[in-house]
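For reference, the structure is listed below as structure tokens.
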Amino acid sequence: MNYVGQGLDRSDGRLKVCGAAPYAAEFTAPRMAHAVLLLSTVAKGRVRIDAASAEAAPGVLAVMTPANTPPLPQGGKAAVNPPAGRVLSLLQDDVVSYNGQPIALVVADTLERATDAMRMLKVSYTTADASVDFEKAKLEAHAPAQVNRESPDSARGDVAKALAGAASRIEARYTTPVEHHNPMEPHATIAEWNGDRLILHDSTQYVSGVKETIAKTLGIGPEQVTVICPYVGGGFGCKGSAWSHVTLAAMAARQVGRPVKLVLDRTQMFGPVGNRPRTEQSLRLGAAADGRLSAVHHGVVAETSVLEDWVEPSAIVTRMLYASESQTTSHRITKMNVGTPTFMRAPGEASGSYALECALDELAEQMKIDPLEMRLRNYAEQDPGKRLPFSSKALRECYRAGAERFGWSLRDTRPASMRDGRWQVGLGMASATYPTNRSPAEALVRLTPDGTAVVQSGSQDLGTGTYTVMTQVAADAIGLPIERVRFELGDSRMPKAPVSGGSQSVASVSPAVLAAGLAARSKLIDLAIADAQSPLYQGRRDAIEAGDGWLRLRGGDAARAESIEALMARAGQVIEVRGEAKPGDEKKAYSMHAFGAVFAEVRVDQDLGIVRVPRIVAAYGVGNLLNAKTAHSQLMGGIVWGVGMALFEETHRDLRNGRYINGNLAEYHVPVNADIGSIDIIVVPETDRVINPLGAKGIGEIGITGVAGAIGNAVFHATGRRIRDLPITLDKLL
Ligand code: MOS
């Protein structure tokens with residue numbers, strides 16, 4: 212490998228900086244009409260809409276309401292397969308089950324006219340008592356059928372007995388709030404029918420998933436649907452499944468006989484497109500006098516909608532992170548009149564590790580054991596839940612490297628003991644982890660007579676660097692200079708790739724690109740051996756190597772080499788090869804996870820309770836890095852979001868009507884530059900021969916995990932105050 216591992220600049224960086232990378236809403240089509248979505252303002256009831264004046268407004272092409280929307284096969288539920296296939300709101304009936312549900316779509320020749328007409332809709336409701344208060348609803352929680360394809364509950368050993376016999380024990384309840392994804396690019400779809408074929412430009416993490424979902428929902432064949440998405444302005448999970456607006460745009464385009472563009476506005480990002488649900492997490496830990504855990508219980512109650520049993524899997528991380536003699540975990544969900552929650556960066560691990568890492572810190576404090584030492588004493592040498600060895604685990608090295616860089620040994624162990632003027636100073640740490648996932652993927656290489664290659668896989672680039680790293684892998688595999696390789700993705704007609712979710716794109720797609728690239732190299736070698744004009748004519752196939760645009764006889768004389776360009780020019784034809792790669796049985800023999808250690812310094816204003824985070828050091832063991840630069844950016848982005856989760860992010864629900872109150876970027880606070888201090892990222896060397904041929908673990912999500920825990924622990928160390936409810940805002944510290 213030559214390019215793989217290098218910190219190359221993004222191949223799409225220049226396009227993006229110049230504004231030339233087209234995002235979904237930036238495509239256009241002749242006669243394109245514009246649609247706007249109207250969302251409900253009550254949480255439960257039935258809706259009636261008088262559309263007469265809107266329909267008569269200038270430029271209006273269609274007003275779709277529950278009263279006139281054509282019925283879909285199975286009432287629009289044909290594609291339902293939670294959690295990947297959503298129960299959507301497709302105007303099939305007049306029932307409202309949450310505030311923010313789509314209730315009408317107005318299509319006009321311009322966006323302004325559509326918006327204007329939407330305001331003319333006369334909406335009335337018959338309302339019913341809605342369940343929007345988690346504190347009440349949690350009393351009626353139920354067990355979901357499964358959590359991440361595992362049982363919602365787990366048990367080993369006798370936790371009650373171990374707790375009773377523990378030298379020290381703690382019991383605490385933590386909560387995490389509703390949080391909303393706010394990618395720079397909101398959801399957007401352009402739907403265009405060409406006869407009975409549908410073309411969608413959609414901002415999505417899963418082009419082939421949208422294709423399947425929309426085809427099933429509309430009752431047409433998947434081959435009739437094409438989904439195109441060359442660029443995504445951030446997804447973080449909310450674009451991992453097709454929500455109502457995508458199907459509605461397709462239905463509207465069919466109805467008006469014109470292409471239709473539908474873009475959600477920022478406030479609607481807090482509506483029918485998912486969120487991280489509120490969780491309440493009960494932790495009970497018991498330890499022997501030496502600090503080793505004898506009992507762990509982690510019980511989770513989370514919100515879900517009345518439409519779907521979606522589970523925030525917060526206790527899954529507890530099943531594998533630390534060794535303990537006995538352990539129970541449970542997940543319960545409570546159905547409420549809220550929008551269906553969904554995947555949000557490290558669903559489960561982000562929220563669950565906050566509770567687990569704080570609880571462990573509380574126990575360490577009670578036992579007067581250094582928090583880092585506490586984690587080392589409970590180090591899991593193998594996966595304690597699955598009882599399988601880890602394919603690799605460099606967490607010990609992460610603790611060591613992170614602690615050294617951070618200066619952990621200088622920490623005064625007593626809480627509220629360190630000061631800098633009016634600032635109380637605190638140092639805290641936590642573990643980070645995220646599973647290494649992988650799915651089947653396919654890729655294609657097309658070599659042209661000019662000696663360049665186009666490589667395709669129907670994956671997505673969420674802004675993370677997929678284009679760049681796949682170009683690196685392809686160039687190395689084929690043996691071409693990187694500037695002679697163009698990687699394409701984001702089109703459902705390309706070879707199939709999985710959802711860009713679960714941190715799995717690199718682990719899934721790069722082995723397919725590698726396989727296709729190696730197959731192309733093999734074809735080139737065949738060509739040379741069979742070509743009487745080639746210096747490699749009748750050469751020994753296993754002695755020919757490829758790299759940097761040349762085929763060479765290994766150890767042979769310099770004359771026995773030829774450029775791929777010359778070879779392809781003589782061949783004068785296109786060579787197209789496909790490759791595929793899929794996981795084998797390794798998950799049965801190994802537990803596969805990335806790990807890390809996060810160290811945070813906080814400063815808390817003694818009078819005002821303001822929390823600042825001047826410094827974070829984080830060390831990760833994530834296998835091979837395909838591109839050190841994009842990887843660094845990914846991890847840093849996750850850490851920044853972790854700061855947001857710890858200190859700022861929370862969507863407030865109005866308990867009178869179930870509406871999110873702060874559905875905008877002025878009042879839903881995310882960290883900005885001034886909120887972020889120094890972030891120092893260490894990637895420790897780690898070789899993993901099991902997970903995939905590139906030895907690369909996913910890095911999309913691990914960055915957010917452990918950060919809120921480390922900051923919460925640092926706030927305790929600074930102040931002696933334990934804030935168990937995120938976010939840690941100043942009112943809770945005053
Ligand atoms: Mo990620 S929350 O799996 O898109």
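For what it's worth, the working numbering labels the leading residue of the sequence shown as 212, then goes sequentially.
Idealized CB from N, CA, C, for every residue including glycine.
In this text the structure is predicted, and so the values were computed from the model without any measurement.
Query	Result
Flag Glu912 as yes when its Cβ comes closer than 7 Å to any non-hydrogen atom of the ligand MOS, and as no otherwise.	yes
DSSP beta-bridge partners for Gln577?	Paired residue(s): none; Gln577 is not in a bridge.
In terms of DSSP beta bridges, what is Met473 paired with?	One point to set straight first is that residue 473 is Leu, not Met, in the sequence displayed. Ala246, Thr400.
Below 7 Å CB to CB, which residues in the same chain sit around Leu691 once its five sequence neighbours on both sides are set aside?	Ala664, Gly760, Ile775
List in chain order: all unbroken beta strand (DSSP E) runs of 3+ residues lying wholly within the segment 664–734.	664–667, 696–699
Which word fits Pro282, buried or exposed, when buried means at least 16 other C-beta atoms lie within 10 angstroms of its C-beta?	exposed
What do you get for Val228, buried or exposed, if any count of 16 or more other CB atoms within 10 angstroms of its CB means buried?	exposed
By Cβ distance, which residues of its chain are closer than 7 Å to Phe238, with the 5 residues on each side in sequence left out?	Ile401, His412
Using the beta-carbon count (16 or more within 10 Å), is Ile425 buried or exposed?	buried
Let me check understanding here. Comparing Cα to Cα, which of Ala366, Arg384, Ala464 lies closest to Arg408?	Ala464
Kindly indicate which three-state DSSP category Asp590 falls into: helix, strand or coil?	Here residue 590 turns out to be Tyr, not Asp, going by the sequence shown. Strand at Tyr590.
So for Trp634, helix, strand or coil by DSSP?	strand
In this structure, what does DSSP give as the bridge partners for Leu762?	Ala757, Glu773
Rounded to whole angstroms, what's the CA-CA distance from Leu316 to Val274? Just pull it up for me.	6 Å
Do Val549 and Val343 have their CB atoms nearer than 8 Å?	yes
Per the DSSP calculation, Phe810 is bridged to which residue(s)?	Met640, Val828
Which residue marks the beginning of the alpha helix (DSSP H) containing Lys333, and which one marks its end?	Run containing Lys333: none in the alpha helix (DSSP H); it sits in the beta strand (DSSP E), 333–338.
Assuming Glu361 and Ala240 form a contact by the criterion Cβ under 8 Å, report the distance between their Cβ atoms to the nearest whole angstrom.	Not confirmed; about 44 Å, so no contact.
Taking 6 Å as the limit between beta carbons, can you name the residues of its chain near Gly855, skipping five residues before and five after?	Val881, Pro882
With which residues is Met629 paired in a DSSP beta bridge?	Val636
Does the structure place the segment 526–543 close enough to the segment 241–261 that three or more beta carbon pairs sit under 8 Å?	no
Among all the DSSP beta bridges, which residues are the ones paired with Leu599?	Asp594
Do you know offhand how far Gly849's Cα is from His508's?	27 Å
Is any heavy atom of the ligand MOS found at a distance shorter than 7 Å from the C-beta of Met856?	no
Considering only the beta carbon of each residue, do Phe601 and His804 sit closer than 8 Å?	yes
Can you tell which of Leu945, Ala557, Arg752, Val851 has its C-alpha closest to the C-alpha of Asp818?	Leu945
Would you check if there are 3 or more beta carbon pairs closer than 8 Å linking the segment 737–752 to the segment 706–719?	no
In chain order, what residues of the same chain lie with their CB nearer than 8 Å to the CB of Ala948, ignoring the 5 residues before and after it?	The structure shown does not extend to residue 948, since the chain is modelled only from 212 through 945, so no value can be given for it.
Nearest by alpha-carbon distance to Ile740: which of Asp753, Val684, Gly728 is it?	Asp753
Which class does Tyr533 belong to by DSSP, given the choice of helix, strand or coil?	strand
Suppose the cutoff is 7 Å on Cβ atoms and the five residues either side in sequence are ignored; what does the same chain contact list for Gly911 look like?	Thr675, Ser714, Gln845
Assign Gly669 to one of two classes, buried (16 or more other C-beta atoms within 10 Å of its C-beta) or exposed (fewer than that).	buried
Quick one: grab the DSSP three-state call for His843.	helix
Is the separation between the beta-carbon of Gln671 and that of Leu700 shorter than 8 Å?	yes
Would you call Val223 buried or exposed, if buried means 16 or more other Cβ atoms sit within 10 Å of its Cβ?	The amino acid occupying residue 223 in the given sequence is Asp; Val does not appear at that position. Buried.
Whole angstroms is fine: what's the gap from Met212's alpha carbon to Ala377's?	52 Å
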